[in-house]
Amino acid sequence: MNLRNLEILENVTHSRTIVCLGQMLRYIRPYKSRAILAIIFCCISSSMDALIAWSLKAYTDFVIVDKVIYAVWIVPLVIVTFAVVQGTLSYFATYLNAWVSWKISNDMKSKLYEKLLTFPASYFDNCNSGDVIFRFNRDVDAASNGVLAKLKTAVSRTTSSMALICVLMCNSWKLAIIAIITFGASFIPISKIRKKMQDAMDKTVAADSKLLSIYHESYVGNKTVAAYNLAKYQAEKLRNVLTNVFRLNMKITQKSSWLSPTMHVIVAIGAGISIAYGSHLIVTHQITSGNFVSFIVALVALYNPIKNIGSSFKEFRSSLMAIGRIRGILSANSTLKERGNAQVLDGLRSDITFDDVRFEYKTGFPVLKGVSMSVKKGETIAIVGSSGGGKTTLVNLLPRLYDATSGSISIDGVNIKNYTLTSLRANIAVVFQDDFLFTGTIRDNIVVGKHNATDDDILKAVKIANLEEFISSLSDGIDTEVGERGVLLSGGQKQRISIARAAIKDAPIIILDEATSALDNQLESAVQNALDNVMTDKTVFIIAHRLSTILCADKIAVINDGMLAELGSHDELMRARDGKYRALYDMQFKEDNWP
Ligand SMILES: Nc1ncnc2c1ncn2[C@@H]1O[C@H](COP(=O)(O)OP(=O)(O)O)[C@@H](O)[C@H]1O
Ligand SMILES: [Mg+2]
């Protein structure tokens, strides 16, 4: 994970419990009436335990001690009635709680996903798929379901405890004080382990997302894994991560699991003291037997929720941490910012200018070292040069997939950062070097270039990309599924679909990054001819390896090692005796004429 991603996660670990809960409340707000209703149901049903405990005083004193016959039926009746009411309320509370949880979970997921799509390409370059699945999906489930469920438990336990404490107080304040002090003391260990667990839990998340990445890698790269006999190697990699996950989880367990037993012991001591002292109070006639029975029942009822606090604590903590991470992502600045008064780019009027453009993916490692050039409207500029020289990087700066580290790119004299991102990108059609196809049909993949495309538009694009013959050979034609990432197609077929997608967009600026590299010579020249027709009134950046495809360009820029080595027309550049372009051209010419 690189620096920027760490930055995004940085404020996460420092998020305070209160802040996290506050964050949660913001999500609950739209559904507050249902959430409040759930809590009210919860409070009523949980305070009923105390009423039952309280009624036992009267029962013991009247029935057991004084033998009053009519009182016999009252307690059983109260117990059954309360159980029915309690059960009903608890059902509605659970239902409402789940409803609110899922709503919040969906809200969070769509908000996170929207945020994810605003992140610059560098974010995706540097995080793995596991990170994304974990942070944008699983964390949300942990956060919304976990916290809300625990909140419900906490509320019901608190109300139930308060009511039970009232019962204790009413029966004997002296006994109640002893019980409350010991129960209070049992909370001390919780505050001790909070910090210790945080670190281990953060590490578990990192390890878990690595695990997901390995699965994803084996899926996407299954052919490479098979061809290079990597099964053992991959399995070993997985085992190492699993071992790490095991170690971290055991550490968490080791740190958290002594909580419950410790609290258990403290509480048991308290209960022991209360019973001993209670017996003394009965014998000395300071309280009735009814008081004592009711007290003990209330004490036992109180004991359960408190005993379980230790185990719920771990889950509650991890939910809160998930919220913290979500908050971190949502509050992260995506480096691609739109200026407040950004204008809308509506077509190209005069030119595109690169002014001393420098760029580095990693600080201290310049990839573009000051490129300056200008392209007039309607011109086709070819960019050639050695592999790894920075051609793709240069054209990627135009739709702001990345922002230049320094220098500027202007369209019609206005820095591209002053245009709205959407309008800037709407004016540029790109065919990437390794373009991406979505799961769906060929038609789906073409119309992403223009959502309201007519059948005519599609047909035209299909013609330009020379796809007609291929499509007519398929039984489902243009509605044939391409598989995930287009796996069911050949490289050349995928590339032609990408070209059709760009052609249908009909944008004034076109970027073709080795767009025909996967086609054979014959197909390439056919596609190139069709593209030439489309390109007549467009401004085109064409990166090509085979120089034969760029002979029609108005200008040729040679980019070597991040610098503009030469710029001029084919004829001009060929005239330079020791020119780089001429050298490239001569080399390919020789290759092509190899017997
Ligand atoms: N996403 C990336 N993160 C870091 N370095 C990159 C990335 N993409 C390309 N590079 C590096 O930038 C340099 C230029 O790459 P690129 O623009 O793709 O070259 P070209 O298209 O001319 O072959 C190469 O050294 C490459 O390793
Ligand atoms: Mg490239």
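The opening residue of the sequence shown carries number 539 in my numbering; numbering runs sequentially from there.
The C-beta atom is built at its ideal place from N, Cα and C for all residues, glycine as well.
Would you kindly check if the distance between the Cβ of residue j and the Cβ of residue i is under 8 Å?
i, j, result
"residue 941", "residue 874", "yes"
"residue 590", "residue 612", "no"
"residue 1043", "residue 988", "yes"
"residue 638", "residue 573", "yes"
"residue 805", "residue 841", "yes"
"residue 932", "residue 906", "yes"
"residue 1050", "residue 1080", "yes"
"residue 859", "residue 739", "yes"
"residue 665", "residue 588", "no"
"residue 1128", "residue 917", "no"
"residue 857", "residue 598", "no"
"residue 966", "residue 936", "yes"
"residue 672", "residue 750", "yes"
"residue 947", "residue 897", "no"
"residue 915", "residue 1077", "yes"
"residue 794", "residue 735", "yes"
Please determine, among the options, the residue with the shortest C-alpha to C-alpha distance to residue i.
i, options, result
"residue 1047", "887, 596 and 762", "887"
"residue 653", "1118, 890 and 872", "872"
"residue 622", "1044, 586 and 865", "586"
"residue 1008", "674, 998, 1023 and 1027", "1027"
"residue 1060", "1012, 802, 578 and 1004", "1004"
"residue 1084", "985, 1124 and 1021", "1124"
"residue 1096", "1074, 1122, 1115 and 936", "1122"
"residue 969", "1064, 978 and 1069", "1069"
"residue 1099", "903, 1045, 1015 and 770", "903"
"residue 690", "629, 721, 702 and 600", "629"
"residue 674", "650, 853 and 607", "650"
"residue 1022", "986, 993, 1053 and 977", "977"
"residue 565", "868, 722, 787 and 742", "868"
"residue 889", "954, 992 and 1011", "954"
"residue 1082", "582, 837, 1053 and 996", "1053"
"residue 742", "678, 754, 790 and 1126", "790"
"residue 695", "678, 711, 580 and 656", "580"
Between the C-alpha atoms of residue i and residue j, what's the straight-line distance to the nearest angstrom?
i, j, result
"residue 876", "residue 962", "11 Å"
"residue 1035", "residue 1087", "19 Å"
"residue 1134", "residue 680", "No statement about residue 1134 is possible, as the shown extent of the chain runs from 539 to 1133 and does not include it."
"residue 555", "residue 569", "22 Å"
"residue 785", "residue 759", "28 Å"
"residue 974", "residue 693", "49 Å"
"residue 1055", "residue 1029", "9 Å"
"residue 832", "residue 676", "45 Å"
"residue 575", "residue 567", "13 Å"
"residue 756", "residue 782", "20 Å"
"residue 547", "residue 667", "Residue placement at residue 547 cannot be trusted, given a pLDDT of 40 that sits under 50; what the coordinates show is reported in the next sentence. Cα to Cα, the separation comes out at about 16 Å."
"residue 745", "residue 863", "15 Å"
"residue 998", "residue 1038", "9 Å"
"residue 494", "residue 683", "For the chain, the structure presents residues 539 to 1133; residue 494 sits outside this window and is missing."
"residue 821", "residue 724", "29 Å"
"residue 1120", "residue 895", "25 Å"
"residue 1116", "residue 982", "49 Å"
"residue 788", "residue 727", "19 Å"
"residue 1065", "residue 1033", "11 Å"
"residue 615", "residue 602", "17 Å"
"residue 1018", "residue 984", "12 Å"
"residue 1024", "residue 991", "21 Å"
Just verifying my parser: in three-state terms, what is the DSSP assignment at residue i?
i, result
"residue 1133", "Low confidence applies here, because residue 1133 scores a pLDDT of 43, under 50, leaving its location unreliable; read the following figure in that light. In this structure, residue 1133 counts as coil in the three-state DSSP scheme."
"residue 784", "helix"
"residue 1055", "coil"
"residue 1027", "coil"
"residue 858", "helix"
"residue 1117", "coil"
"residue 903", "strand"
"residue 976", "coil"
"residue 766", "coil"
"residue 742", "helix"
"residue 617", "helix"
"residue 971", "coil"
"residue 1050", "strand"
"residue 933", "helix"
"residue 909", "strand"
"residue 1106", "strand"
"residue 721", "helix"
| task | Report yes or no: do three or more beta-carbon pairs, one from the stretch 592-608 and one from the stretch 644-664, lie closer than 8 Å? | result | no
| Would the stretch 712-720 and the stretch 762-773 be scored as touching if the rule is three or more Cβ pairs under 8 Å? | no
| message | Pairs of beta-carbons, one from the stretch 1099-1117 and one from the stretch 908-924, closer than 8 Å: are there three or more? | response | yes
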